[in-house]
Amino acid sequence: MAYVLAIVLDMKTPYRTNLLCLALLSLVTLMNASAESKDHRPGNTQLATLGGGCFWCLDAVFRTLPGVKTLTCGYAGGKTDHPTYEQVCTKTTGHAEVVQIEFDPAQVSYEKLLELFWKMHDPTTLNRQGADVGPQYRSAIFYHNEAQKLAAEKSKQQAQRRFSDPIVTEIAPLTKFWPAEDYHQDYFRKNPTAGYCRLVIKPKLDKLKAH
419 MAYVLAIVLD
429 MKTPYRTNLL
439 CLALLSLVTL
449 MNASAESKDH
459 RPGNTQLATL
469 GGGCFWCLDA
479 VFRTLPGVKT
489 LTCGYAGGKT
499 DHPTYEQVCT
509 KTTGHAEVVQ
519 IEFDPAQVSY
529 EKLLELFWKM
539 HDPTTLNRQG
549 ADVGPQYRSA
559 IFYHNEAQKL
569 AAEKSKQQAQ
579 RRFSDPIVTE
589 IAPLTKFWPA
599 EDYHQDYFRK
609 NPTAGYCRLV
619 IKPKLDKLKA
629 H
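In terms of our numbering, the sequence shown opens at residue 419 and continues consecutively.
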């Protein structure tokens, strides 16, 4: 840019004035673009999508983990677009109840999320977690990239050592995530006295905290 300005200054008017204005305008544009790029750097967070029974339980547990930035209950793994909770409960959509976790890998790794995932549910029961029965309650890891796939498979092998029965957790690529209805989001915090929260979620939280 300095070289261009030098050439312009050596030119005679009236061309010099017009070209000088254009050169200065280009310089300002480049400076603004540079500043804008610094202000809009992409975030360093990543996503994980996991299913392990009722998503209210997963939501309540993962929210307690440092490094988790946002968490959304939803549906994944099925064939129905824009599914509703009522549709998923018919067991015909193919979807599982899942949580999608936005996390900071500098604070908590994907492997650490999986480590907690194996502890918070029984991955050896097919399409069931306790009294919740159906394919929507299946154990599942929906990976976002090849690195997550490899980490999930390795973590599954390591977790199998702690179970006498074979792990039946589905490991599949995430094709689409559909957020659940608003009343499902952060359900435990919003409804601490509800029967399911008192009898199922709170004991699970207490157990995990004890370990």
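Ideal Cβ positions, reconstructed from N, Cα and C, are used throughout, including at glycine.
Sequence-distant residues of the same chain with beta carbon closer than 8 Å to residue i, five excluded per side
i           : result
residue 599 : 502 and 503
residue 526 : 483, 484, 485 and 486
Nonlocal neighbours in the same chain, by C-beta distance under 7 Å from residue i, ignoring five residues either side
i           : result
residue 513 : 493, 494, 495, 496, 498, 501, 506 and 554
residue 509 : 552, 553 and 554
residue 595 : 467, 492, 494 and 518
Residue i and residue j closer than 8 Å at C-beta
i           : j           : result
residue 518 : residue 465 : yes
residue 587 : residue 557 : yes
residue 591 : residue 490 : no
residue 613 : residue 539 : no
residue 472 : residue 550 : yes
residue 559 : residue 585 : no
Inter-residue spacing [alpha-carbon to alpha-carbon] between residue i and residue j
i           : j           : result
residue 484 : residue 528 : 13 Å
residue 543 : residue 619 : 18 Å
residue 516 : residue 566 : 16 Å
residue 450 : residue 561 : The pLDDT assigned to residue 450 is 42, lower than 50, so where the model puts this residue is not dependable, and the model offers no usable value.
residue 532 : residue 570 : 7 Å
residue 607 : residue 478 : 8 Å
residue 468 : residue 547 : 14 Å
residue 582 : residue 576 : 13 Å
residue 604 : residue 563 : 27 Å
residue 368 : residue 521 : The question about residue 368 has no answer, for the chain in this structure spans 419 to 629.
residue 534 : residue 611 : 25 Å
residue 568 : residue 511 : 27 Å
residue 628 : residue 621 : 11 Å
residue 617 : residue 545 : 21 Å
Nearest-angstrom Cβ-Cβ length linking residue i and residue j, presumed shorter than 8 Å
i           : j           : result
residue 462 : residue 524 : 7 Å
residue 626 : residue 537 : 7 Å
Same chain, Cβ closer than 6 Å to residue i, five either side skipped, listed in chain order
i           : result
residue 481 : 489
residue 602 : 491
residue 578 : 585
residue 573 : 532
residue 541 : 557, 585 and 587
Please list the segments of the alpha helix (DSSP H) lying wholly inside the stretch 538 to 589, counting only runs of 4 or more residues, in order along the chain.
Segments of the alpha helix (DSSP H) lying fully in the stretch 538 to 589: 564 to 578.
For a minimum of 3 consecutive residues, which ranges assigned as the beta strand (DSSP E) are wholly contained in the stretch 459 to 499? For the stretch 459 to 499, whole beta strand (DSSP E) runs of length 3 or above, ordered along the chain, are 464 to 470 and 486 to 494.
Original post:
What are the complete alpha helix (DSSP H) segments, minimum 4 residues, inside the stretch 595 to 624?
Top reply: 605 to 608, all fully within the stretch 595 to 624.
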